[in-house]
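>
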Amino acid sequence: MLIHPEVMGVEALADKIRKIENWPQKGILFHDITPVLQSAEYFRLLVDLLVYRYMGQKVDVVAGLDARGFIIGAALAYQLNVGFVPIRKKGKLPFDTVSQSYALEYGEATVEIHTDAIKPGARVLLVDDLVATGGTMLAGVELIRKLGGEVIEAAAILEFTDLDGGKKIRESGAPLFTLCQNKGCM
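In this text, residue positions in the sequence shown follow full-length UniProt numbering: the first is 1, and each later residue adds one.
1) Shortest alpha-carbon distance to V61 belongs to which of R44, N182, L80?
2) Could you name the residues of the same chain whose beta carbon sits closer than 6 Å to that of E108, not counting the 5 residues immediately before and after it, in chain order?
3) Of all the beta strand (DSSP E) runs that stay within the bounds of the UniProt domain "Phosphoribosyltransferase" (52–158), which reach a length of 3 or more residues?
4) By how many angstroms is the C-alpha of V151 removed from the C-alpha of L126?
5) Pick out whichever of G56, G9, Y52 has its Cα sitting closest to the Cα of Y42.
6) Classify M137 as buried or exposed, calling it buried when 16 or more other Cβ atoms lie within 10 Å of its own Cβ.
7) Roughly how many whole angstroms lie between the Cα atoms of M1 and R44?
8) Which residue wins for smallest C-alpha separation from residue 190, given the options E142, A156, L147, L179?
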């Protein structure tokens, strides 16, 4: 049974996200969603909020970014009755891949996707936990496009508007939806 979004406010979900200073390195304030995932009530709320947004849209597949996007994306794909595609860190996928490198707030990274994961013309919902500088999400968008897919929307729990990642994603032509921004929730 779905929890209707009006039953429990999204602000409660945002309050459940734990903040950890200086992790993974000094100067970074890490937003940890594991308290949301550990709570049956809040995890259901998170997934249901996204299900309500996308259940009326034609989604062919949900793609989740390594690693927290796997958790949210797989649950969402199950509820939407569509397949799930993992976009993983370099060297973690066993089959032929395409890759995309990007800059992080604290370094560089590369993500990959199987070459047969997205069919040309597929309508793809891209999911991750948060958008900071936008690098990971933009890399996911580029991988989906390389395979001929259409990103119908990129979705995350939280967007840090002061870091311009969301702006960069929108400028790439990919619509972006976030439940909360650092200045408030939907």
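Just so it is clear, CB atoms sit at the ideal spot from N, CA and C, and this is done for glycine as well.
Judging by the given coordinates:
1) Along the sequence shown, read from residue 1 onward, the residue named residue 61 stands at position 61. Out of R44, N182, L80, L80 has the C-alpha closest to the C-alpha of V61.
2) As a first step, residue 108 must be located in the sequence shown, where it is residue number 108. Nothing meets the Cβ criterion.
3) The UniProt domain "Phosphoribosyltransferase" (52–158) contains, as complete beta strand (DSSP E) runs of 3+ residues, the segments 61–65, 83–89, 97–104, 107–114, 123–127 (chain order).
4) Against the sequence shown, residue 126 aligns to sequence position 126. Against the sequence shown, residue 151 aligns to sequence position 151. Their Cα atoms are separated by approximately 7 Å.
5) For this step, residue 42 is matched to residue 42 along the sequence shown. For the residues G56, G9, Y52, the minimum Cα distance to Y42 belongs to G9.
6) Taking the sequence shown and counting its residues from 1, one reaches residue 137 at position 137. Burial call: buried.
7) Within the sequence shown, numbered from 1, the residue matching residue 1 stands at position 1. Within the sequence shown, numbered from 1, the residue matching residue 44 stands at position 44. Because M1 carries a pLDDT of 47, less than 50, the predicted location of this residue cannot be relied on, and the following value inherits that uncertainty. Distance between the alpha carbons of M1 and R44: 9 Å.
8) Any answer about residue 190 is impossible in this case: the structure gives the chain only from 1 up to 186.
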